[in-house]
Amino acid sequence: MADKSFFVDTSKCTACRGCQVACKQWNRLAGTKTLQRGNHQNPSDLSFSTFKVVRFNEVELEGNPSWYFFPDQCRHCMEPPCLSTAESLGSKAITKDEGTGAVIYNPKVKVKAADFKTIRESCPYDIPRMDQKTGGMAKCTMCFDRIKEGMLPACVKTCPTGAMSFGDRDAMVDKATKRLEALKARYPEALLADSTDVRVIYLLTDDPKKYHEHAVAENTVGITRKLALQYLLRPISNLRRFAG
Ligand code: SF4
Ligand code: SF4
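Residue numbering for the sequence shown follows the numbering used here, beginning at 15 and increasing consecutively.
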């Protein structure tokens, strides 16, 4: 199968949460207790049994309440830091499908709590979650069982507004680029979040921090994560030379 990607056009998202529910249903994930916490977002975060959560950020714009909606999920990174971290720890819990690029966790492979912490911290988008009882990890699977049969991921299939698309990467990049051009006149701050590094390309109409603290990766301005990793792995003596 060819390299795949999602395109998520947040300008079309109404926060109906259909994608969130479809993900739970298709993947047979346990229900999560929801609570009124003063805004419309439920549940409060991703978890071992919540692979997708529509985040609501309420702000005041020109004296009126307004919301930024962000259907958050694993980005299926082109060069996934979670995978390289797991490999460096000797864990086989994470694999990448070389055809589609899907990054897949095996929840049956146990990881130590300390290793999970390291893996989670390596993710620029704070995605991996662990089941404390079993020691397994989980996150979005790209609905690999569906896409290998030629179907769309459940979230994309369900989205009623056309905010979510999925297909061959070149086609998704093209669609995202054209939509960005079309929206620039209305939203001058619009951007494609980390589009060269990830397989889930979000179109944001405003400052990413208004959507969610992990809407874009931190500390990678002007460099790719691979370069950042190489930089971090340099011996101390080289770092001094790099800085000086
Ligand atoms: S978003 Fe995080 S969990 Fe998903 S592939 Fe990238 S590093 Fe891994
Ligand atoms: S199904 Fe579509 S419109 Fe509804 S919350 Fe998800 S991305 Fe937004």
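The C-beta atom is built at its ideal place from N, Cα and C for all residues, glycine as well.
| request: Pull up the distance between the alpha-carbon of G52 and that of P167, whole angstroms please. | output: For the purposes of this step, residue 52 is taken as residue 38 along the sequence shown, with counting starting at 1. For the purposes of this step, residue 167 is taken as residue 153 along the sequence shown, with counting starting at 1. One C-alpha to the other measures close to 31 Å.
| query | Does DSSP put F62 in a helix, in a strand, or in coil? | reply | Here residue 62 corresponds to residue number 48 of the sequence shown, with the count starting at 1. In the structure shown, F62 sits in coil (DSSP, three-state: anything other than H, G, I, E or B).
| query | For the beta strand (DSSP E) that K131 lies in, which residues bound it at each end? | reply | As a first step, residue 131 must be located in the sequence shown, where it is residue number 117. Unbroken run through K131 is the alpha helix (DSSP H), 127-136; no beta strand (DSSP E).
| Per DSSP, which one or two residues make a beta bridge with A152? | Indexing the sequence shown from 1 puts residue 152 at position 138. According to DSSP, which records beta bridges pairwise, A152 is partnered with R143.
| field | Neighbourhood of Q146 by C-beta, 6 Å cutoff - its chain only, sequence neighbours within 5 removed | value | Within the sequence shown, numbered from 1, the residue matching residue 146 stands at position 132. The answer is none, since no qualifying residue turns up.
| said: Please state the DSSP three-state secondary structure of R31. | reply: Sequence index remark: in the sequence shown, residue 31 carries index 17 (1-based). The answer is coil: DSSP assigns R31 none of H, G, I, E or B.
| Would you say P85 touches ligand 2, meaning its beta carbon is less than 7 Å from a heavy atom? | Numbered from 1 along the sequence shown, position 71 holds the residue referred to as residue 85. Indeed, a heavy atom of ligand 2 lies less than 7 Å from the Cβ.
| said: Can you determine whether any heavy atom of ligand 3 sits closer than 7 Å to the C-beta of V68, and answer yes or no? | reply: This structure simply doesn't include ligand 3; it includes ligand 1 and ligand 2 instead.
| Does the distance from the CB of Y119 to the CB of K153 come in under 8 Å? | For the purposes of this step, residue 119 is taken as residue 105 along the sequence shown, with counting starting at 1. For the purposes of this step, residue 153 is taken as residue 139 along the sequence shown, with counting starting at 1. It is a contact, given that the beta carbons lie within the stated cut-off.
| request: Tell me the start and end of each unbroken alpha helix (DSSP H) in the stretch 160-226 that is at least 4 residues and wholly inside, in chain order. | output: 168-172, 183-197
| For the stretch 149-165 against the stretch 122-129, are there 3 or more C-beta pairs whose distance is under 8 Å? | yes
| message | Classify S102: buried if its beta carbon has 16 or more other beta carbons within 10 angstroms, exposed otherwise. | response | On the sequence shown, residue 102 is found 88 positions in, with the first residue counted as 1. Exposed: under 16 other Cβ atoms inside 10 Å.
| Is the beta carbon of H90 within less than 7 Å of some heavy atom of ligand 1? | Taking the sequence shown and counting its residues from 1, one reaches residue 90 at position 76. The closest heavy atom of ligand 1 lies less than 7 Å from the beta carbon of H90.
| query | Is any heavy atom in ligand 2 found nearer than 7 Å to the beta carbon of C137? | reply | Mapped onto the sequence shown, residue 137 falls at position 123. Not so, every heavy atom of ligand 2 lies at least 7 Å from the Cβ.
| field | Minimum length 3: unbroken beta strand (DSSP E) runs contained in the stretch 46-130 | value | 67-75, 78-86, 108-110, 117-119
| CB contact check: F21 to chain B, cutoff 8 Å | Annotation note: the requested chain B is absent from the structure, which comprises a single protein chain.
| Does the beta-carbon distance from D220 to Y201 come in below 8 Å? | Position 206 of the sequence shown holds residue 220. Position 187 of the sequence shown holds residue 201. Their beta carbons are under 8 Å apart, which means D220 touches Y201 by this criterion.
| request: Return the chain-ordered list of same chain residues with a C-beta closer than 7 Å to the C-beta of K224, the five sequence neighbours on each side being excluded. | output: Within the sequence shown, residue 224 is the residue found at index 210, counting from 1. Hits under 7 Å: N71, V73, Y82.
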